[in-house]
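Participant:
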Amino acid sequence: MTVKETLNCARKLLDASGIDYASLEGELLLRQAMGLSRAQLYSGLEHDISAEEEADFRRIIQRRLDGEPSAYIVGRREFYGLDFIINPHVLIPRPESEILVEKTLTLAGKYKTPVIADIGTGCGAIAVSLAVNLPQARIYATDISAPALETAGANCCKHGVSDRVRLLHGDMLEPLPEPADFVVANLPYVKSSDIDSNCFEPSLALDGGTDGLDKIRRLVHQVKGKLNPCGCLLLETGLGQSEVVIGLLHRLFPTATVEVAPDLAGIERVVSMTLPN
């Protein structure tokens, strides 16, 4: 088969299985099987693929049809314009988390040397994105998962920020050696009952308990004493969760300012709290 015929076949298979963006996924998986860039793939659409490439592609396609995310198959995912190493030890970065990065960049950009703590860093997408865009910042990135921190370390090296992102193994804010100006967190916020038993992503990075807010509540209770005066806590939340989180913040920090930023779908995605001076 030619490259073009193989792409059409992949699109039909993926589309028939209800996989979104079938054409894009087919292209990504074929590029993985053939070891080609996008430009190389499309410059040779009429070329025949080898028997070995076809066999590799069939194996890869079957993994995707079996439900494995393409990011794990190809071992990478783009986030905030950067390419990240991804594996089954870490959550796959989502576009909505870029709002958390944007909000932090806007606020931290006003500081000369901001200290930022990324809690539950996973693959390090948020910490690395902040480090790349805030060269003046010092960043701590914590995670309870040692394999996740290894992945974050690889991504820090890949993007040249290992000297400014300090990886800390431990539970949430406990490993922090000093208070931060910003505490940023994309913690697990999926309800336990909503997690698919066949999910390929680590439950540690997804499961937020009965209402999805167990980890967020723990972090909010830990943050006192870990934020500098005028410091800011930024939390990613899921559908219908912001109201509960806002109420909790108002109860624990009655003099703080609390704001909400929606995503493109109108979901209140980032809840931020700023302490008074």
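The numbering of the sequence shown is this note's numbering, which starts it at 3 and goes up by one.
C-beta: ideal position from N, C-alpha, C; glycine also.
1. Give me the residue from Leu102, Gly172, Gly77 with the minimum Cα distance to Pro90.
2. Classify Ser72: buried if its beta carbon has 16 or more other beta carbons within 10 angstroms, exposed otherwise.
3. With the cut-off set at 8 Å, would you say Gly162 and Leu136 are in Cβ contact?
4. Can you round the beta-carbon distance between Leu229 and Leu235 to whole angstroms, since I take them to be within the 8 Å contact cut?
5. Given a cut-off of 8 Å on the beta-carbon distance, is the pair Ala127 and Ala143 in contact?
6. Indicate whether the contact test is met: 3 or more Cβ pairs, each with one atom in the segment 181-199 and one in the segment 145-159, closer than 8 Å.
7. Alpha carbon to alpha carbon, how far is Ala133 from Thr212?
8. Compute the beta-carbon to beta-carbon distance between Cys125 and Ile87, rounded to the nearest angstrom, for a pair I have assumed lies under 8 Å.
9. Taking 8 Å as the cut-off, does the segment 172-182 touch the segment 114-124 (at least 3 CB pairs, one atom from each stretch)?
10. Quick one: grab the DSSP three-state call for Asn135.
11. Just verifying my parser: in three-state terms, what is the DSSP assignment at Ile87?
12. Helix, strand or coil: how does DSSP classify Arg60 here?
13. Leaving out five residues before and five after Gly227 in sequence, what residues of the same chain have Cβ atoms less than 8 Å from its Cβ?
14. Tell me the start and end of each unbroken alpha helix (DSSP H) in the segment 203-249 that is at least 4 residues and wholly inside, in chain order.
15. Once you ignore the five residues that flank Leu84 on each side, which residues in its own chain have a CB closer than 7 Å to its CB?
16. Can you tell me where the alpha helix (DSSP H) with Leu107 in it begins and where it stops?
17. I need the boundaries of the beta strand (DSSP E) containing Ser274, first residue and last residue.
18. Determine contact between the segment 166-173 and the segment 145-152, defined as no fewer than three beta-carbon pairs at a distance below 8 Å.
19. So what does His171 bridge to, in DSSP terms?
20. Could you name the residues of the same chain whose beta carbon sits closer than 7 Å to that of His49, not counting the 5 residues immediately before and after it, in chain order?
21. Per the contact definition of three or more C-beta pairs closer than 8 Å, is the segment 253-268 in contact with the segment 200-210?
Facilitator: Walking through what the data contain:
1. Considering only Leu102, Gly172, Gly77, the residue with the shortest C-alpha distance to Pro90 is Gly77.
2. Flag for Ser72 reads buried.
3. No. Outside cutoff.
4. The Cβ separation is near 6 Å, so the contact holds.
5. Taking 8 Å as the Cβ cut-off, Ala127 and Ala143 do not qualify as a contacting pair.
6. In short, these stretches do not touch, since the Cβ pair count stays below three.
7. Their Cα atoms are separated by approximately 34 Å.
8. Contact between Cys125 and Ile87 holds: CB atoms are separated by about 7 Å, below the 8 Å threshold.
9. With three or more CB-CB distances shorter than 8 Å, the segment 114-124 counts as touching the segment 172-182.
10. In this structure, Asn135 counts as helix in the three-state DSSP scheme.
11. Shown here, Ile87 sits in a strand according to DSSP, grouped into three states.
12. Three-state result, Arg60: helix.
13. Answer for Gly227: Pro181, listed in chain order.
14. Counting only runs of 4 or more, we get 216-224.
15. Result list for Leu84: Val130, Ser131, Val134, His161, in chain order.
16. Segment 100-110, the alpha helix (DSSP H) holding Leu107.
17. Following the DSSP letters along the chain, one finds Ser274 inside the beta strand (DSSP E) bounded by residues 270-276.
18. Per the Cβ contact rule, the segment 166-173 is in contact with the segment 145-152 (3 or more Cβ pairs under 8 Å).
19. Per DSSP, Asp145.
20. The beta carbon of His49 is closer than 7 Å to those of Thr4, Val5 in its chain, skipping five residues each way along the sequence.
21. As far as the Cβ criterion goes, the segment 200-210 does not touch the segment 253-268, which means the pair count is below three.
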